[in-house]
Amino acid sequence: MNAARRTLLVLAVPLLLIVTWWAATAGSTSFFWPPLTRIAGAFGETWLTGRFTADVLPSLARLLAGYLAAVLLGVALGVAIGSSRTLRALLEPVLEFFRAIPSPVLVPILMLFAGIGNGMKVLVIVSGCVWPVLLNTVEGVRAVDEVLRDTARSYRFRRRSRLLRLVLPGAGPRIAAGARQALSIGIILMVISEMFAAGNGLGFTIIQFQRSFAIPQMWTGIILLGLIGIVLSMLFRLAEARLLSWYTGLRAAQREGSR
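Going from the sequence shown to my numbering is simple: count from 1 and add 100.
Rendered as structure tokens:
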């Protein structure tokens with residue numbers, strides 16, 4: 101019963117939005133706001149043919165490359181900065197400065213240095229995704245219990261053992277929160293980067309549809325981006341639940357103990 105109720109709650113808002121959209125556009129004669137049935141009819145022929153391999157897969161590959169690079173870079177730098185008070189005090193103003201710069205603004209600059217190929221698009225994704233991972237990792241490392249740190253030193257754990265068995269697990273929930281934020285940012289930057297001097301990709305194709313006044317096809321691209329976001333979010337939740345199962349169990353035990 102609980103599972104059925106959770107499923108209903110998850111699907112209630114999307115179904116309500118779809119019904120509202122369908123009802124609002126059922127009799128639409130607007131060129132820019134076509135009926136949802138017409139958009140749905142154009143979805144298959146637009147994306148489930150050659151464009152899936154020519155545009156969708158390259159976009160996902162760039163997103164995956166930029167996202168993984170940002171996570172690895174953010175965790176590595178975050179552990180180093182979070183473990184050193186001197187390094188943290190030295191770099192904090194610089195980090196705050198660069199974090200405040202919107203990533204889309206960097207696209208023209210990155211184009212100058214990296215060209216207009218895949219490298220530039222991956223760098224745009226990295227430049228935006230790295231900050232939530234980095235800052236959450238720093239805070240997660242700082243929040244590791246000092247008693248546990250002292251205990252590890254007393255037992256003469258090597259630095260690598262402390263990192264793998266204490267620091268990373270302790271900062272894991274914060275790292276996961278930053279990685280979740282970075283995923284949504286990465287999808288946005290993937291589209292933005294493909295709108296500048298690109299030859300393929302979802303962002304490029306949606307802009308081409310808009311410029312050629314293929315409005316139903318343009319809407320299908322927007323819907324496809326939303327579906328990709330949902331699928332990636334679900335995959336992330338599955339991975340997070342598996343990697344942080346110990347943390348979920350600990351929180352559940354603490355809640356039961358407090359009752």
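Built from N, CA and C at the ideal position, the CB exists for glycine as well. This structure is a prediction, so every number in the text was calculated from the model and none was measured.
> In or out: E294 buried (at least 16 other Cβ within 10 Å) or exposed?
Replying inline: buried
> Straight-line CA distance for R253 to V247?
Replying inline: 10 angstroms
> In whole angstroms, what is the alpha-carbon distance linking V331 and S159?
Replying inline: 15 angstroms
>> Within a Cβ cutoff of 7 angstroms, which residues of the same chain sit near L210, ignoring the five residues on either side of it in sequence?
In response: M220, L223, V224
> Using CA coordinates, which residue listed in L168, E239, P204 is at the minimum distance from R188?
Replying inline: E239
> Is A282 closer than 9 angstroms to V233 when the C-beta atoms are compared?
Replying inline: yes
>> Going by DSSP, what residue range makes up the alpha helix (DSSP H) through D250?
In response: 246-254
> How long is the line joining the alpha carbons of C229 and P202, rounded to whole angstroms?
Replying inline: 11 angstroms
> For the 8 angstroms Cβ check, are there 3 or more pairs between the region 271-290 and the region 166-181?
Replying inline: yes
>> What does the alpha-carbon distance come out to for the pair S184 and A279?
In response: 22 angstroms
> Going by C-alpha distance, which of R351, A276, N300, P135 is nearest G150?
Replying inline: N300
> Which residue's Cα is closest to the Cα of P273: F304, N236, F296?
Replying inline: N236
> Closest by CA to E340, which one among A276, R262, L264, A314?
Replying inline: A276
> Of all the options T348, Q317, L343, G326, which has the alpha carbon lying nearest to the alpha carbon of I139?
Replying inline: Q317
>> Do W147 and L324 have their beta-carbon atoms positioned less than 9 angstroms apart in this structure?
In response: yes
> Would you report the Cα separation of F257 and F304, rounded to the nearest angstrom?
Replying inline: 52 angstroms
>> Short of 8 angstroms in beta carbon distance, which residues of its chain neighbour A214, apart from the five on each side in sequence? Order them along the chain.
In response: M220, L223
> What does a CB cutoff of less than 8 angstroms around D245 pick up in its chain, not counting 5 residues either side in sequence?
Replying inline: G270
>> Taking the straight line between their C-alpha atoms, what separation do you get for L116 and L212?
In response: 45 angstroms
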